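Asks: Please find one structure pasted underneath; my questions will follow.
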Ligand SMILES: [Zn+2]
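Numbering (this note's numbering), first residue to last: 818 to 1243.
Encoded structure:
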């Protein structure tokens, strides 16, 4: 049975709004409510998902529709169901209302990333409903805990249930949205992402009475170190990927705008500083948490060496958590498909390979050998401040742009499964 495309669009929108209304703010998470919702929808279409719950209410959902040819690596559609917290007083609408207004769906997760949850959910259901037989397995993974480091989500699945999420190819978040640089309109497709090394830096100094100021205190030293970290750029290195990206945009590396700087070096950013406990006591210790990000080709050791060069031998450096960078080849049939269909869907625009300075679940699925791309397409108008809406206030998704992306996404996924759009939709 083929599915009328307009119905498919409307249902996808309804699911997105319903998912936004389920508050899965992490912490604490509570992704169970989203997993249960998606499980009910899949069950209605005869798909029996698996729910994995490493801790109560921290539920991830995995589903699979088998294809005809098991020798071809499965395609996994990947999303996370948790969202970051909101500052409600700074929103102009209810962050968990899923309102439709000004041509947009409003709410936390509209972009990051319940829209793709809804797209993946609908696409898998449609494939099953249509009865069309794909050439490879299609896996859907809608997981918990991405926004807090993936310990109870993708990382847990990769370490404890690799058979469930072992895919040849993964389509995940962060890519396929319109970007405007100068005269260029383009669509970044994520093929690489940086790793992270989160470090606690501690310095000690002599304690004393606040009425007897000195310059050799832990606070003074920490202040110096933080200033130095802020003003000392880390070693610049142009990876072949970023060289390609800049080249395709016609931007010489030495003229790269600030947007590209985190893609050309490891970075370190102080995010938490702590010292002192009483107004008239000079504390003997000061600590700072440093958010370090590593380029593909770097690791924890090489990052710490570089950090050491900046802060000197004395401060104590303790790694709180880390994950490696990830990079996939963009010389694959799937990347060529993503590129050609995206460019056909928006004539005049270019689709280009891209490195994400942040982290996604792709870095974990990569460890099982999957080729992961960030592709969650949406067409945007130049005035839409898309980048700042990730984790920002008034997060919202334009409905027209979403429907444009949904069509492109369905086309790419079905083609890669060896099917045609008209096998499933009318
Ligand atoms: Zn996300």
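For every residue, glycine included, the Cβ atom is placed at its ideal position computed from N, Cα and C. Model, not experiment: these values are computed from the prediction.
Taking the beta strand (DSSP E) that residue 980 belongs to, which residues open and close that run?
Replies: Note, residue 980: premise wrong, no beta strand (DSSP E); alpha helix (DSSP H) at 979-982.
Asks: In the DSSP assignment, what are the bridge partners of residue 1112?
Replies: In the DSSP output, where bridge partners are listed per residue, residue 1112 has none listed.
Asks: Using DSSP with H/G/I as helix, E/B as strand and the rest coil, what is residue 910?
Replies: coil
Asks: Between the C-alpha atoms of residue 822 and residue 1242, what's the straight-line distance to the nearest angstrom?
Replies: 6 Å
Asks: Please state whether DSSP places residue 935 in a helix, a strand or coil.
Replies: In the three-state scheme derived from DSSP, where H, G and I count as helix and E and B as strand, residue 935 is classed as helix.
Asks: Alpha carbon to alpha carbon, how far is residue 1229 from residue 1019?
Replies: 50 Å
Asks: State the CB to CB distance for the pair residue 1046 and residue 1137, rounded to an integer number of angstroms; the pair is presumed to be in contact (CB under 8 Å).
Replies: Residue 1046 to residue 1137, Cβ: 17 Å. No contact.
Asks: Buried or exposed: which applies to residue 917, given that a residue is buried once 16 or more other Cβ atoms fall within 10 Å of its Cβ?
Replies: exposed
Asks: Going by the beta-carbon positions, is the gap between residue 1110 and residue 1133 smaller than 8 Å?
Replies: When the beta-carbon positions are compared, residue 1110 and residue 1133 stay at least 8 Å from each other.
Asks: Which residues, in chain order, sit with a beta-carbon under 7 Å away from any heavy atom of ligand 1?
Replies: 897, 929, 930, 963, 964, 990, 1177
Asks: For residue 1188, name the three-state secondary structure that DSSP assigns.
Replies: strand
Asks: Buried or exposed for residue 1186, going by 16 or more other Cβ atoms inside 10 Å?
Replies: exposed
Asks: From residue 1175 to residue 856, what does the alpha carbon distance come to, in whole angstroms?
Replies: Distance between the alpha carbons of residue 1175 and residue 856 is about 29 Å.
Asks: By the three-class DSSP mapping on this structure, what secondary structure does residue 1063 have?
Replies: helix
Asks: In this structure, what does DSSP give as the bridge partners for residue 1138?
Replies: Per the DSSP secondary-structure output, residue 1138 pairs in a beta bridge with 1015.
Asks: Go ahead and pull the three-state DSSP assignment for residue 1037.
Replies: helix
Asks: Quick one: residues in its chain with C-beta nearer than 7 Å to the C-beta of residue 1219, no 5 flanking neighbours on either side, listed in chain order?
Replies: Around residue 1219: 932, 1195.
Asks: On the three-state DSSP scale, how would you describe residue 1173?
Replies: strand
Asks: Please report the distance separating the alpha-carbon of residue 1100 from that of residue 1044.
Replies: 20 Å
Asks: In the DSSP assignment, find the beta strand (DSSP E) that holds residue 989 and state where it starts and stops.
Replies: 986-989
Asks: Would you report the Cα separation of residue 1240 and residue 954, rounded to the nearest angstrom?
Replies: 16 Å
Asks: I need the straight-line Cα distance from residue 862 to residue 1237, nearest angstrom please.
Replies: 21 Å
Asks: Could you tell me the alpha carbon to alpha carbon distance between residue 1203 and residue 1190, rounded to whole angstroms?
Replies: 20 Å
Asks: Mind checking which residues open and close the alpha helix (DSSP H) that includes residue 1127?
Replies: 1117-1128
Asks: By alpha-carbon positions, which one of 947, 890, 896, 829 ends up nearest to residue 848?
Replies: It is 896 whose Cα lies nearest to the Cα of residue 848.
Asks: In or out: residue 893 buried (at least 16 other Cβ within 10 Å) or exposed?
Replies: buried
Asks: Taking 8 Å as the threshold (C-beta atoms), are residue 921 and residue 1199 in contact?
Replies: no
Asks: Determine, using beta-carbon pairs with one atom in the region 1004-1023 and one in the region 1116-1125, whether at least three such pairs fall under 8 Å.
Replies: yes
Asks: Take residue 1080 and list the residues in its own chain whose beta-carbon comes closer than 7 Å to its own, dropping the five residues that flank it on each side.
Replies: Excluding its 5 nearest sequence neighbours in each direction, residue 1080 has C-beta neighbours in its own chain below 7 Å: 1059, 1172, 1174, listed in chain order.
Asks: Buried or exposed for residue 1086, going by 16 or more other Cβ atoms inside 10 Å?
Replies: So residue 1086 ends up on the exposed side.
Asks: Give the secondary structure of residue 1055 by DSSP, where H, G and I count as helix, E and B as strand, and everything else as coil.
Replies: coil
Asks: Check for me: the beta strand (DSSP E) holding residue 897 runs from which residue to which?
Replies: 892-897
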